[in-house]
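Here's the structure, in structure tokens; my notes come after.
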Amino acid sequence: MPRPCRESYGDQKPPYSYISLTAMAIWSSPDKMLPLADIYRFISDRFPYYRRNTQRWQNSLRHNLSFNDCFVKIPRRPDRPGKGAYWTLHPAALDMFENGSFLRRRKRFKLPKPEEDKEKRKRPAPFSIESIMSDSRPAASKQLHYLPNLYGPFRFDSCK
1 MPRPCRESYG
11 DQKPPYSYIS
21 LTAMAIWSSP
31 DKMLPLADIY
41 RFISDRFPYY
51 RRNTQRWQNS
61 LRHNLSFNDC
71 FVKIPRRPDR
81 PGKGAYWTLH
91 PAALDMFENG
101 SFLRRRKRFK
111 LPKPEEDKEK
121 RKRPAPFSIE
131 SIMSDSRPAA
141 SKQLHYLPNL
151 YGPFRFDSCK
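Residue numbers are given in the working numbering: position 33 of the sequence shown equals residue 33, and the series is strictly consecutive.
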């Protein structure tokens with residue numbers, strides 16, 4: 001995959017999203033994972049535009065790392081001293097760029113929900129209108145177990 005060179009865009013903003021820039025940085029590393037500081041360094045070394053307003057674009061990049069399922073945070077191992085965790089791409093997200101081009105992404109990568117979440121979504125909540133309406137028992141046999149017995153014997157000793 002050809003890498004964009006530093007002279008390509010000069011001081012103009014390159015046409016890549018933060019997700020693309022981060023993916024480029026991660027894929028350029030031998031281990032396919034980088035700490036945040038190295039991701040910043042990769043971007044600012046290759047794209048002069050990002051040498052300015054560092055706080056702004058770095059904040060946006062951190063937001064993208066945290067809120068996109070295509071990035072996975074890996075805790076730093078004890079044998080690798082330093083600050084912060086590593087970031088890598090989720091294995092299922094490796095093909096998210098069309099034809100290997102960082103300019104176009106197929107669609108937002110979302111992790112599939114676990115099977116148990118799907119089962120929960122299929123069953124209505126116990127006291128929801130869907131649950132009550134789907135109950136096939138005759139109305140006379142339906143008993144609301146969650147209401148207290150309001151007509152039971154009461155004893156008020158202090159009212160004699």
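Ideal placement from N, C-alpha and C gives every residue a C-beta, glycine not left out.
What you are looking at is a predicted structure, and each value in this text was computed from that prediction instead of being measured.
**Study point:** Pair within 8 angstroms by beta-carbon distance, Lys32 and Ile39
**Key:** no
Review point. Name the DSSP beta bridge partners of Tyr40, please?
Key: Paired residue(s): none; Tyr40 is not in a bridge.
Review point. Run through DSSP, which three-state label would Tyr86 get?
Key: strand
Exercise for review: Have a look at Arg56 and Gly10 and give me their C-alpha separation to the nearest angstrom.
Suggested key: 19 angstroms
Practice item. Within its chain, find whatever has a CB closer than 7 angstroms to the CB of Leu34; leave out the 5 residues flanking it on each side and keep chain order. Key: Ala25, Ile26, Tyr86 and Trp87
Review point. With a Cβ-Cβ cutoff of 8 angstroms, do Tyr49 and Lys83 count as a contact?
Key: no
Point to revise | Inside the stretch 30 to 77 only - beta strand (DSSP E) runs reaching at least 3 residues | key: 33 to 35 and 71 to 74
Exercise for review: Could you pull out every residue in the same chain whose Cβ sits closer than 6 angstroms to the Cβ of Phe71, ignoring the five residues on either side in sequence?
Suggested key: Leu65 and Trp87
Check your understanding: Quick one: Cα of Tyr18 to Cα of Arg76, how far?
Key -> 23 angstroms
Check your understanding: Exposed or buried, what is Phe67 when buried is set at 16 or more other beta-carbons lying within 10 Å of its beta-carbon?
Key -> exposed
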